[in-house]
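Residue 266 in the working numbering sits at position 66 of the sequence shown; the count goes up by one each step and never skips.
Where a beta carbon is used, it is the ideal one built from N, C-alpha and C, also for glycine.
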Amino acid sequence: MKRKRSQLIIATTLGIILCLATGFLSSRITSEAIPIWYNGLNKPFFSPPNWLFAPVWSVLYLLMGIAIGRVWYYGRRHRWGKTALYHFIAQLIFNGLWSLIFFGLRNPLLALIVIIILWILIERTIYWFRVVDKKSAYMLYPYLIWVSFASLLNASILYLN
């Protein structure tokens, strides 16, 4: 029993590290563009203050890491577990890609396309996570809600600029 628990802890720890590393790399691109480019954009009335993004994303990456660790552990011997992992990795790539395109390339139009693909990939990831471990699927709902909000914000910034 202790061995299984330690394997779950290791899988979860690796998942958290993977997600936080993605967030850290994205934040490097983002932090450089905020004072130079992002602050000069016209933003909608519902745009949150800049300081809010880091704590929200930190919590989301933590939840994502726990979720992927659980799916990795519980689904590692099943085809649908591997499918869930592939969807998760794909959405994580698009997560980082969005920051690179929106902030790095300063291209809200292409970023909107990427975030729509990201939203679809998150939805599919939730579906496959639910097959493996329902708790893991539930942990991704705040992420889906935040990306829905970010999509609206992205579209609004594109429209206003």
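Contact check, residue i vs residue j, beta carbons under 9 angstroms
i: residue 243; j: residue 358; result: no
i: residue 269; j: residue 220; result: no
i: residue 267; j: residue 215; result: yes
i: residue 348; j: residue 319; result: yes
i: residue 323; j: residue 297; result: no
i: residue 284; j: residue 332; result: yes
i: residue 260; j: residue 346; result: yes
i: residue 263; j: residue 340; result: yes
i: residue 250; j: residue 229; result: no
Burial state of residue i (16 or more Cβ within 10 Å)
i: residue 291; result: buried
i: residue 213; result: exposed
i: residue 303; result: buried
Euclidean distance between Cα positions of residue i and residue j
i: residue 309; j: residue 301; result: 9 angstroms
i: residue 287; j: residue 311; result: 20 angstroms
i: residue 276; j: residue 282; result: 7 angstroms
i: residue 317; j: residue 294; result: 8 angstroms
i: residue 299; j: residue 232; result: 11 angstroms
i: residue 337; j: residue 272; result: 13 angstroms
i: residue 248; j: residue 206; result: 39 angstroms
i: residue 350; j: residue 356; result: 10 angstroms
i: residue 204; j: residue 279; result: 20 angstroms
i: residue 274; j: residue 326; result: 15 angstroms
i: residue 224; j: residue 252; result: 16 angstroms
i: residue 335; j: residue 222; result: 22 angstroms
Local conformation of residue i per DSSP, three classes
i: residue 243; result: coil
i: residue 278; result: coil
i: residue 237; result: coil
i: residue 340; result: coil
i: residue 205; result: helix
i: residue 228; result: helix
i: residue 220; result: helix
i: residue 305; result: coil
i: residue 361; result: coil
i: residue 248; result: coil
Integer-rounded CB distance, given that residue j should sit under 8 angstroms from residue i
i: residue 306; j: residue 257; result: Their Cβ separation, rounded to whole angstroms, is 20 angstroms, which puts residue 306 and residue 257 out of contact at 8 angstroms.
i: residue 208; j: residue 361; result: Actually they do not touch by this definition, with Cβ atoms about 46 angstroms apart.
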